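Quick notes on the structure that follows.
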Amino acid sequence: MLRKEVPYLKLIYISIILLSLVLIFPFQVIAHDTNVFLKGGSFFSSQATLDESYLYLYFPTASDTGFPEWGTPYGIDTSPAAIFDVADLDSGIGTTTQLRQRVFEMITDDYIEFNVSVSMSTSDPSPTDNRWQVVAIGSDSEIYGGNLYGAAQAVDIGDADSQDYARVYAESFLNEFGGAGGALAGTSSTLERWATAIAETTSHEAAHNYGAGHDDSAPVPASVEDDTNNHIMATGSTGLTGEQRASFDRHFSDTTYSLLGYNLGLNIDTLLNWDFINPNDKDAHTLQMKILSEAASLTIGLFYDGIYSPWVDPIIKRLGTTTETFQGNIYNVFELEFNTDRNWLNGADGVAPPGVYFHTGASFIESDAILVRETILLDSGGNELPLSPRIYGFDPSATLDLTTGDFSLTIFNSEVADKPFILRDFDIQLLPRMADINTMVAGAELTDRFGIPIVTNTTKGITQDVEITDKYSIKIANLLDERFVDFIYVDCEKTDSEKGEFPYCPEGSAISLFPSTYVYVIATIVDPNATYWDLNEAKFVTGELESQIFYQFSGFIPDFNDNGLDDLLDIREGRSADENENGVPDEAEPSTAPIPLFETLSSIVLVSILVLINRRKK
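Numbering (the working numbering), first residue to last: 861 to 1478.
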């Protein structure tokens, strides 16, 4: 008969064998690298990785009783979705089709910089996309303490509900502003003014469902930002008048723009401009640039078309299946070409004369990082000129140090190590919205595409000249830095003091991208031993030649614990600890030293043996 203790003896023997193996074959678990690759990596959540959101503008041609009803608690009707017919407003301004089209164009322009596809329909869109919103626009009216122009389902903080509805009541404008002397009466009743009132209200209601509130219309205090009522989220309680509703082509405030950039994603990820000098003694008619990217294809979004460039309408093409390895990474190879003539300041159309400064730039809609490796200038016959501007670039492997929370950008030398260059200046500007690529020029005031000055926060990346033979990293920000937008909404009463305003009660945290919606850097570079044509001396000289790079890129959502949520919110809301207060969730931090696995297993085995022997004795 077997004794019950025998299994314990077997376990002891197994433990001894395991201990022997560990002692013979010791090994370690290696700690994580403290620096993590960001652009294109898996340790962050980029706004560019969000699914595209589809905004459907629904202009019913028949009453739609199937449209959702959510207004009953407030005494309003959101269903049925009423017919949209210009005859209900003012048949003298044009056709229903014309009014629909102009409303569509204005709303598309409002959302063009975000990851939103706007379309219109005269029947129920019945979307099947992952992220969508349907706004039904009818020529009916509604009352909520006064004429109500629109209603969204919620101020959806973080766009947590990715499928929403909203309503717009176009006839309410007629009831409020269509009387004698009104903003939409008499000669003031035009198709453009009606379209403006309807379109900006539609964009307003859609933005509620994307997470924006009325308070977000306010300009940043003590800044250059324009007035509240120029902004889409303005409303009656902010002093928005009927005339402003009908005549102002409003835009999103810096605060709203930053929120939408976080919640929806941005259409443009990277913008690059360059200052060059033609170093040859002959005219340059074409500029070609070699671009490296992991993207399968690249599409130009915007390009510089100001007075300092001899060319417009650049084109980009992939060079077959060619790949190139740079700093250990394999990239596809593209050619960016500027050769379409334009009138410009410093020479004949489409010609960069010898020794003359010129400026170029382009952006790409893909989220993949790009790397500029070399430039080539061509003559009028398409032949390569002997000299080309020396290129300097930014390494796409921007890094974040998980031990300190520092976010850095690397500038690299594309030439061989025996041709160093000098980094003379490096300005960092954190932007709440995208700067117009045409203002990314030396000495220019940064503005958005409307020409409105942008609120900036400028710091110096370096304090003295730095000689660079390979690459050099510069700190941009730290995870503990305050975000441009960081609101915490607490419980509130669902009331509004202003008549005709639908009540909303948002809850949760509304934040912007890290370190900002866009980051803009200007690097001044000096080639200490450049050979170039000196325009004043009319001969080739060798010496210092200064150029500048203008680089704008979008922020991102830190998600280093890979749970799909912003690390800032994980720490704030208690899902993650941050004992050393560096902005990195503790579970995402690298080990500070290698973990000696053989010591750990040895301890486990020895303890197991002691326990089993003790049981054996008992």
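Ideal placement from N, C-alpha and C gives every residue a C-beta, glycine not left out. Computed from a prediction, not measured in an experiment: that's the story for all the values here.
Item to complete: Out of L1162, V994 and L917, point me to the one whose CA is closest to R1309's CA.
Response: Within the sequence shown, the letter at position 449 stands for residue 1309. Relative to R1309, the option among L1162, V994 and L917 whose CA is nearest is L1162.
Host alpha helix (DSSP H) of I958 (start-end):
What you label residue 958 is simply residue 98 of the sequence shown in a count that begins at 1. Reading the sequence as shown, one finds Gln at residue 958 and not Ile. Start and end: T956 to D970.
- L1054 - DSSP class collapsed to helix/strand/coil: For this step, residue 1054 is matched to residue 194 along the sequence shown. According to the sequence as given, residue 1054 is Trp; it is not Leu. Per DSSP, reduced to three states, the secondary structure at W1054 is helical.
Simplified DSSP assignment, three categories, for A1156: Locating residue 1156 in the sequence shown gives position 296, where the first residue counts as 1. Coil at A1156, not helix or strand.
Item to complete: Decide yes or no for the touch test of the stretch 928-942 against the stretch 1001-1012: beta carbon pairs closer than 8 Å, at least 3 of them.
Response: Segments in contact, yes.
Tell me the DSSP bridge mates of R1233? For the purposes of this step, residue 1233 is taken as the residue at position 373 of the sequence shown. Residue pairing from DSSP leaves R1233 without any beta-bridge partner.
Worksheet item: Going by other Cβ atoms of all chains shown within 10 Å of its Cβ, with 16 needed for buried, is E1031 buried or exposed?
Response: In the sequence shown, residue 1031 corresponds to position 171, counting from 1. E1031 comes out buried.
Distance, Cα to Cα, Y914 vs N1199? Taking the first residue of the sequence shown as 1, we reach residue 914 at position 54. Taking the first residue of the sequence shown as 1, we reach residue 1199 at position 339. Each residue's alpha carbon lies about 36 Å from the other.
With a cut-off of 8 Å on the beta carbons, I'd call L1245 and A1144 a contact; round off their distance for me.
-> Walking along the sequence shown from the start, residue 1245 turns up at place 385. Walking along the sequence shown from the start, residue 1144 turns up at place 284. Between L1245 and A1144, the beta carbon gap of about 6 Å places them in contact (Cβ cut-off 8 Å).
Integer Cβ distance of T1384 from D1285, believed to fall under 8 Å:
Counted from its first residue, the sequence shown places residue 1384 at position 524. Counted from its first residue, the sequence shown places residue 1285 at position 425. In this structure T1384 is in contact with D1285, their Cβ atoms being roughly 4 Å apart against a cut-off of 8 Å.
### Message
Helix, strand or coil, according to DSSP, for E1197 in the structure here?
### Response
The residue labelled residue 1197 in the question sits at position 337 within the sequence shown. In the structure shown, E1197 falls within a strand segment according to DSSP collapsed to helix, strand and coil.
Q) Going by other Cβ atoms of all chains shown within 10 Å of its Cβ, with 16 needed for buried, is G1415 buried or exposed? A) Taking the first residue of the sequence shown as position 1, residue 1415 is located at position 555. Burial state of G1415 is buried, judged by a 10 Å Cβ sphere holding 16 or more other Cβ atoms.
Given Y1122, which residues of its chain have a CB within under 6 Å of its CB, disregarding the five upstream and five downstream residues?
The residue given as residue 1122 occupies position 262 in the sequence shown. Setting aside the 5 residues that flank it on each side, Y1122 is surrounded in the same chain by S1372 and L1373, each with a C-beta closer than 6 Å to its C-beta; the list follows chain order.
Notebook entry, point to check: Exposed or buried, what is E1361 when buried is set at 16 or more other beta-carbons lying within 10 Å of its beta-carbon?
Noted result: Counting from one through the sequence shown, the residue named residue 1361 turns up at place 501. E1361 should be labelled buried.
Quiz item: In whole angstroms, what is the alpha-carbon distance linking R1435 and C1365?
Solution: Taking the first residue of the sequence shown as position 1, residue 1435 is located at position 575. Taking the first residue of the sequence shown as position 1, residue 1365 is located at position 505. Linking R1435 to C1365 through their CA atoms gives a straight-line distance of about 24 Å.
Between the Cα of D924 and those of G998, F1254, D1114 and R1343, spot the shortest distance and give me the residue it belongs to.
Here residue 924 corresponds to residue number 64 of the sequence shown, with the count starting at 1. Minimum Cα distance to D924 is reached at G998.
Does the stretch 1007-1019 come within contact of the stretch 1065-1074, defined as at least 3 CB pairs closer than 8 Å?
Contact between the stretch 1007-1019 and the stretch 1065-1074 is present, because at least three Cβ pairs lie under 8 Å.
Span of the alpha helix (DSSP H) holding E1484?
With the chain running from 861 to 1478 in the structure shown, residue 1484 is simply not present.
Does the Cβ of E1353 have 16 or more other Cβ atoms within 10 Å, making it buried, or fewer, making it exposed? As a working note, residue 1353 is residue 493 in the sequence shown. A caution first: E1353 carries a pLDDT of 49, below 50, which makes its placement in the model too unreliable to give a value.
Quiz item: What separation, rounded to the nearest whole angstrom, lies between the Cα atoms of N1338 and N1442?
Solution: As a first step, residue 1338 is located in the sequence shown; it is residue number 478 there, counting from the start. As a first step, residue 1442 is located in the sequence shown; it is residue number 582 there, counting from the start. In this structure, the alpha-carbon of N1338 lies about 8 Å from that of N1442.
* Can you name, in chain order, every residue of its own chain whose Cβ lies under 7 Å from the Cβ of G954, other than the five neighbours on each side? -> Start at 1 with the first residue of the sequence shown, and residue 954 comes out as number 94. Excluding positions up to five away in sequence, the list reads V946 and L1051.
**Request:** Work out the CA separation of A922 and F944 for me, nearest whole Å.
**Result:** Here the question's residue 944 lines up with position 84 in the sequence shown. Here the question's residue 922 lines up with position 62 in the sequence shown. Distance between the alpha carbons of F944 and A922: 8 Å.
Hey, how far is the Cα of F1037 from the Cα of A1106?
In the sequence shown, residue 1037 corresponds to position 177, counting from 1. In the sequence shown, residue 1106 corresponds to position 246, counting from 1. Rounded to whole angstroms, F1037 to A1106 spans 9 Å at the Cα level.
Q: Let me know the secondary structure DSSP gives F1400 once reduced to three states.
A: For the purposes of this step, residue 1400 is identified with residue 540 of the sequence shown, where counting begins at 1. Residue state for F1400 is assigned as strand, using DSSP reduced to three classes.
Whole runs of the alpha helix (DSSP H) within the stretch 996-1058, excluding any shorter than 4 residues: Within the stretch 996-1058, the complete alpha helix (DSSP H) segments of 4 residues or longer fall at 1031-1037, listed in chain order.
* Tell me the DSSP bridge mates of M1093? -> The residue labelled residue 1093 in the question sits at position 233 within the sequence shown. Beta-bridge pairing links M1093 to no other residue.
Worksheet item: With distances taken from CA atoms, which of D1394, A1390, P1375 and Q1408 is nearest I1382?
Response: Within the sequence shown, the letter at position 522 stands for residue 1382. For the residues D1394, A1390, P1375 and Q1408, the minimum Cα distance to I1382 belongs to Q1408.
Can you give me the Cβ contacts of G1071 inside the same chain, cut-off strictly under 7 Å, excluding the 5 residues immediately before and after it?
As a first step, residue 1071 is located in the sequence shown; it is residue number 211 there, counting from the start. V1015, D1016, I1017, G1018, D1019, L1119, N1123 and A1370.
Check your understanding: Going by beta carbon distance, what residues of the same chain come within less than 6 Å of D1387, once the five residues before and after it are set aside?
Key -> In the sequence shown, the residue the question calls residue 1387 occupies position 527. So the qualifying residues of the chain are R1250, F1281 and L1405.
Alpha carbon to alpha carbon, what distance is there between T982 and K1335? To locate residue 1335, count along the sequence shown from 1; it is residue 475. To locate residue 982, count along the sequence shown from 1; it is residue 122. Spanning the two alpha carbons is a distance of roughly 52 Å.
query: Does DSSP put Y1168 in a helix, a strand or coil?
result: Here residue 1168 refers to the residue found at position 308 of the sequence shown. In the displayed model, Y1168 falls within coil according to three-state DSSP, outside both helix and strand.
Tell me the residue span of the beta strand (DSSP E) that contains N1133.
The count along the sequence shown starts at 1 and reaches residue 1133 at position 273. Counting along the chain, the beta strand (DSSP E) containing N1133 begins and ends at T1130 to I1137.
- Query: Looking at D948 and L1008, is the spacing between their C-beta atoms short of 9 Å?
  - Reply: Within the sequence shown, the letter at position 148 stands for residue 1008. Within the sequence shown, the letter at position 88 stands for residue 948. Not a contact, by the Cβ cut-off of 9 Å.
Task: Where H1543 falls: helix, strand or coil (DSSP) - done: Outside the shown range of the chain (861 to 1478) lies residue 1543, about which nothing can therefore be said.
- Item | I1288 to T1270 span [Cα, whole Å] | As a position in the sequence shown, residue 1288 is number 428, starting the count at 1. As a position in the sequence shown, residue 1270 is number 410, starting the count at 1. Going from the Cα of I1288 to the Cα of T1270 covers about 13 Å.
Just tell me which of T1182, E912, Y1217 and G1321 has its CA closest to the CA of V976.
Reading the sequence shown from its first residue, position 116 is the one you call residue 976. Nearest to V976 by C-alpha distance, out of T1182, E912, Y1217 and G1321, is E912.
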